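S.K.: My questions will all concern the structure given below.
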Amino acid sequence: RFVEDTGHWEPYEILGWHVPRNWQTRRPHDLGDLACFLQEDGTIWQAKPEFPPVDRHGKINKYLAPTGNGSRAYTPPIDPCTRQIISQRYGVQIPSDTAFWDFVESRPELTIVITEGGFKSLAALDLGYICISLYGVNSGVSKFETIGGERIRKLKFELIPDLQRFAVEGRRFVLAFDQDSTAKTRATVAGAIADLSWHLEQAGAIVEVASWDGQAGRCKGVDDLVLNSGADHWHNAFDTAISATQWRIQNELARAVRRTPDLHIGDREFSEVADQLPRNGLVVLHGGKGTGKSRAIGAMLGDRSWLSSTPLISLGRDQAQSWGGVFINDGDIVGDRLLRDGVPVRGASVCIPSLLRVSKINHKILVVDETTAALEFLLNSRLANQQGVRPLLIAEHHRQAQAADLVVLADADLTEEAINYYEKLTGHRAYLVRSDRHALTYNATLLDCQQSGAIAGLRQRIDALETEKILYINSDSKVLADSLAAMLSTAGHKSLLITSETSGGADQARFLASSGAMIPEIIGRGIRAIVSSPTIAQGFSIELHTNQIDSVWGFYRGGSIAAHAIAQSLDRVRSSEVPRFVHIAKRGAAYSRLSRAQTIDGFTREFKQLSTASARLARLALAPDVVEKSEKIDWQSTNIWMLAALDVRRNRGMGALRDTVIAQLRHEGKQVNFLKPSIAKSEVAAAGQAIAAAGQAIKLVHAAAVAAVADITQPEADHLSSQTEALTPEQILQLEKFYLGQFYRTDVGTDLVTFDRNGRAQQEIRNLERILDPELATQHTASTINQNPDTPQDWSRTAVTNWLIEKSGFAALARRIYAGEVVHITDTDRQPIADFVRQNPNEFWLALGFKNLAAMSDQQIIGQLARSAGIRTKRNRRQNTYSVDISHLERVRAIIEQRKMGDPPHQIIELDQMGGSPLICNSIAVAPTNLVPKIEKFTGSIDKFEFEVTIDLAS
866 RFVEDTGHWE
876 PYEILGWHVP
886 RNWQTRRPHD
896 LGDLACFLQE
906 DGTIWQAKPE
916 FPPVDRHGKI
926 NKYLAPTGNG
936 SRAYTPPIDP
946 CTRQIISQRY
956 GVQIPSDTAF
966 WDFVESRPEL
976 TIVITEGGFK
986 SLAALDLGYI
996 CISLYGVNSG
1006 VSKFETIGGE
1016 RIRKLKFELI
1026 PDLQRFAVEG
1036 RRFVLAFDQD
1046 STAKTRATVA
1056 GAIADLSWHL
1066 EQAGAIVEVA
1076 SWDGQAGRCK
1086 GVDDLVLNSG
1096 ADHWHNAFDT
1106 AISATQWRIQ
1116 NELARAVRRT
1126 PDLHIGDREF
1136 SEVADQLPRN
1146 GLVVLHGGKG
1156 TGKSRAIGAM
1166 LGDRSWLSST
1176 PLISLGRDQA
1186 QSWGGVFIND
1196 GDIVGDRLLR
1206 DGVPVRGASV
1216 CIPSLLRVSK
1226 INHKILVVDE
1236 TTAALEFLLN
1246 SRLANQQGVR
1256 PLLIAEHHRQ
1266 AQAADLVVLA
1276 DADLTEEAIN
1286 YYEKLTGHRA
1296 YLVRSDRHAL
1306 TYNATLLDCQ
1316 QSGAIAGLRQ
1326 RIDALETEKI
1336 LYINSDSKVL
1346 ADSLAAMLST
1356 AGHKSLLITS
1366 ETSGGADQAR
1376 FLASSGAMIP
1386 EIIGRGIRAI
1396 VSSPTIAQGF
1406 SIELHTNQID
1416 SVWGFYRGGS
1426 IAAHAIAQSL
1436 DRVRSSEVPR
1446 FVHIAKRGAA
1456 YSRLSRAQTI
1466 DGFTREFKQL
1476 STASARLARL
1486 ALAPDVVEKS
1496 EKIDWQSTNI
1506 WMLAALDVRR
1516 NRGMGALRDT
1526 VIAQLRHEGK
1536 QVNFLKPSIA
1546 KSEVAAAGQA
1556 IAAAGQAIKL
1566 VHAAAVAAVA
1576 DITQPEADHL
1586 SSQTEALTPE
1596 QILQLEKFYL
1606 GQFYRTDVGT
1616 DLVTFDRNGR
1626 AQQEIRNLER
1636 ILDPELATQH
1646 TASTINQNPD
1656 TPQDWSRTAV
1666 TNWLIEKSGF
1676 AALARRIYAG
1686 EVVHITDTDR
1696 QPIADFVRQN
1706 PNEFWLALGF
1716 KNLAAMSDQQ
1726 IIGQLARSAG
1736 IRTKRNRRQN
1746 TYSVDISHLE
1756 RVRAIIEQRK
1766 MGDPPHQIIE
1776 LDQMGGSPLI
1786 CNSIAVAPTN
1796 LVPKIEKFTG
1806 SIDKFEFEVT
1816 IDLAS
């Protein structure tokens, strides 16, 4: 509709603008004629004036909205011709006598495009897309309201009413906003898209984001894209739109390092500019795999002395070999000199747990390759705290960084937080070098099916495998890797299995060190697949004979390594020609053990809350100086802040594992496709049964192997536990048998290994012992705080967990069950406990990881608490009660009585990516038993612990 200005201020009138009485002497701005965008109901949505006004900031207002319109969406009338085009595209008949947008509202299966600006939505509508337009990218969410003439911020933001009517469960929206060219505008648009998409998702809608090449403004909006590049480019943008979750993650990845590089080398390798880099200060190499980081570092070292800190044995050895140094495990230190085979060398690579061995070495350069992995290991891995040594390792790492003339960081997964960490540590501003080179651009096919369907596809692939080819299979679950290898073996396909238990084997160790040179040999021996677990997530690659690898298969449940490490696992085969087939769980379970928060502030708050609670509960068992240290912890310190940033990244990845890995792959230049395998249901079922049977068989074989292996003595166990090199499979079995015997205080047979369930039964029995004697829980927490008063990430939460269980009433019920006073758990027993848990969801979320409590029945809550304490129950449907499994309880009782002879030290078992075998170390600090408080009264909450304690000094 056009509105002509005849001198009577018609444009002002239609826009609801006020014309002053003295307009003859103080003439308002002349808008000229208006071109108006009309809504379906005939009202004006927006108008384009002939002579746009300029606001007080000097900005030209090209489009004007009627006064009092608020934030409205553009829903124009749709003519019969356009309705027909839309009908054809969507495959639905649109009645000609019905309001178009009412019809769309009634059909939630119809996808709606959302853009900004009337011309853009009209362009999309002309091509047959149902498209709504907003005034701007920020106009879809209502954040302000006017009360009493004053504009105030709403307490709760919400979608504007024009979007609320369409935003229903299952509706698909595609956001198609302008592809701006300036960094500042892109950041603003990205924030608005994230905001709008989140609010749409809260309504149950499915949200995707379309992107295209804006060509420096030439194809900025949808209308520009269609006009200047053609409709096909818009069709492609719509068809390739990605989920809003993936888009948000990709945006975060693109902004992981927010600063502008000091040297941006495009798609060149770092080695090409090594001679241009500073020789002092802090230099950061940020680029993906295959960007020549290692070669560049070698060139930077020159003839100067150097040290490199790494959590990975394989990486350390590669560095020493490439840079003319020595790997500390393989060399000698004489005073402040490094020797390899008796010959002095200028540098050394050292694994982080061995940092103290090089404290006397003078170095000019410190290298921290794989910076993210190194920081994760140093600040949070249990392996970096053997015998409570973490504070010393952190201090030594800091000393090395501050003593060096030059610190070099290199990582594909670098973050702004990591750079800031080393800037504060060294006092130098980082010189950032960025490479956009994508050396690996392989096709990654995401298998859109259940895991058993993906396994069925693997079985088909290996059955049809050519004679001179081999498969590479990786999983983030050792159990699944074991099961896959066993399943293939049962089907007649030999495999080379590389897990934490086998990596010390002769063939496995040779293969890990060969960079793929062994592939022809193992194919010649009839091996059809290499099956690996998280053991080799980093620090290993296959660079030779990749043409003999048919394909790479990845199975990821999110049970161990982080999302970015999963993406790296697919890069172990260094060839873009080898296809990848990947199955990824929607969400993972390997959240941070300190907090599941997904913001740094939230993480720090929860971490502080639980740690403070632990220290308060154990206070009377702490040494006086430890009490003082625990109360003076700086929760805003650089180390805690860095730890929070690392674990928040892990938590975000676990919360959206599949989307995060997909976004990571795309960010790294991989081509991601999706495939729903066409496999018969019978084959899928057979695959599921085969993998389950293989898993059961492995458990039996493993139990028999542990029972049959030769016994070792305490000194022999101590010697094996202190090794940093990969243990042989036999040594791992011997250690497992030794510690099983120590815990259960009996001979180890097949039945006991099966009962133990890889240590889960041990933890359950410890939990029950602490319920029976709460002093044990306090003593355990106190021992960890006494050992590491400066690093709260190493404090046990046992006292807090026990406090909650006691307060809920379940501890009393468990003690009655243990004493034989309760055989049937009734509603009367269950309800008060379950009610307490539901009333304190935050506490049980923080301390015990309970979630979705509102959806859990009373018995599910009780069952979860009972299982954690080794108490099994069976349901009696007729009586609506649950009976205690007496036979299992009697066995647990017998074990606890046997264990009263003495409790062995705690085992710390963690996947060791340095060598691939679990390292088991003993916790040596124990609180004096006569200073353990007896907790008599519990009140309050985790936020504010209020309790009374008495000290038993009778002993």
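If you're matching positions, the sequence shown starts at 866 in the numbering used here and goes up one per residue.
Note that the Cβ used here is the ideal one computed from N, Cα and C, for glycine as well.
Computed from a predicted structure; not experimentally measured.
1) With 16 as the cutoff for other CB atoms within 10 Å, does Arg1124 come out buried or exposed?
2) Count Cβ pairs between the region 973-986 and the region 996-1014 that sit closer than 8 angstroms; are there 3 or more?
3) Kindly give me the distance between the Cβ atoms of Phe1420 and Leu1345, rounded to whole angstroms, as I take these residues to be in contact under 8 angstroms.
4) Could you round the C-beta distance between Thr1646 and Trp1660 to whole angstroms and report it? I think they count as a contact, below 8 angstroms.
5) How close, in whole Å, do the beta carbons of Ala1164 and Asp1140 come, if the pair is a contact with beta carbons under 8 angstroms?
6) Provide the residue span of the beta strand (DSSP E) that contains Trp1171, from first to last.
7) Can you give the Cα-Cα distance for Ile1785 and Pro1594, rounded to whole angstroms?
8) Would you report the Cα separation of Val1447 and Asn1412, rounded to the nearest angstrom?
9) Report the rounded CA-to-CA distance for Ile1388 versus Ala1268, giving the unit in angstroms.
10) Helix, strand or coil: how does DSSP classify Ala1213 here?
11) Which residues does DSSP pair with Asn1741 in a beta bridge?
12) With a threshold of 7 angstroms between beta-carbons, can Ser1348 be considered close to chain B, or not?
13) For my contact list, Ala1432 and Leu1530 are in at a C-beta cut-off of 8 angstroms; report their separation, rounded to the angstrom.
14) Consult DSSP for Asp1616 and reduce its assignment to one of helix, strand or coil.
15) What is the DSSP secondary structure of Cys946, reduced to helix, strand or coil?
16) Looking at the structure shown, is Pro918 part of a helix, part of a strand, or coil, going by DSSP?
17) Here's the rule: buried if 16 or more other CB atoms are within 10 angstroms of the residue's CB, otherwise exposed. What is Pro1176?
18) Can you tell me whether DSSP reads Ser1007 as helix, strand or coil?
19) Using the three-state DSSP reduction, which class does Glu869 fall into: helix, strand or coil?
20) If you measure between the beta carbons of Ala1454 and Leu1522, is that distance less than 7 angstroms?
21) As an exercise, report each continuous alpha helix (DSSP H) stretch of at least 4 residues that is fully enclosed by the region 1487-1572, in chain order.
22) Kindly indicate which three-state DSSP category Met1779 falls into: helix, strand or coil?
23) Please classify Arg1514 as buried or exposed, where buried requires at least 16 other C-beta atoms within 10 Å of its C-beta.
24) Buried or exposed: where does Arg1144 fall if 16 or more other Cβ atoms within 10 Å of its Cβ makes it buried?
25) Just to confirm, are Pro1218 and Asp1655 a CB contact at a threshold of 7 angstroms?
26) In whole angstroms, what is the alpha-carbon distance linking Asn1188 and Ala1213?
27) Buried or exposed: Thr871, going by 16 or more other Cβ atoms within 10 Å of its Cβ?
28) Mark Pro1783 as exposed unless 16 or more other C-beta atoms lie within 10 angstroms of its C-beta, in which case mark it buried.
29) Give the DSSP bridge partners of Val1208, in chain order.
30) Is there contact here, the region 1033-1046 with the region 1080-1095, by at least three beta-carbon pairs under 8 angstroms?
31) Work out the CA separation of Trp1112 and Glu852 for me, nearest whole Å.
32) Cα separation between Glu878 and Pro893?
33) Please list, in chain order, all residues of the same chain as Ala1277 whose beta carbon is under 7 angstroms from its beta carbon, the five residues on each side excluded.
34) Would you mind stating whether Ser1360 and Ala1394 have Cβ atoms separated by less than 7 angstroms?
35) Classify Ala1119 as buried or exposed, calling it buried when 16 or more other Cβ atoms lie within 10 Å of its own Cβ.
36) In three-state terms, what does DSSP make of Asn1667?
M.R.: Concretely, from the data shown:
1) exposed
2) yes
3) 6 angstroms
4) 7 angstroms
5) 7 angstroms
6) 1171-1175
7) Caution applies to Ile1785, whose pLDDT of 28 falls short of 50 and renders its modelled position unreliable; the value that the coordinates give is listed next. Cα to Cα, Ile1785 sits roughly 15 angstroms from Pro1594.
8) 20 angstroms
9) 49 angstroms
10) strand
11) Thr1746
12) Considering every chain present, this structure includes no chain B. It has just one protein chain.
13) 6 angstroms
14) helix
15) helix
16) coil
17) buried
18) strand
19) coil
20) no
21) 1489-1496, 1503-1520, 1522-1532
22) For Met1779, the predicted model reports a pLDDT of 34, less than 50, meaning its position is unreliable; a value from the coordinates is still stated below. The answer is coil: DSSP assigns Met1779 none of H, G, I, E or B.
23) buried
24) exposed
25) no
26) A quick correction: the sequence has Trp, not Asn, at residue 1188. About 9 angstroms.
27) exposed
28) Interpretation of Pro1783 is limited by its pLDDT of 32, a score under 50 that renders its predicted location unreliable; no figure is taken from the coordinates.
29) Arg1205
30) yes
31) For residue 852 there is no data in the structure shown, the boundaries of the chain being 866 and 1820.
32) 13 angstroms
33) Gly1152, Gly1153, Lys1154
34) yes
35) exposed
36) helix
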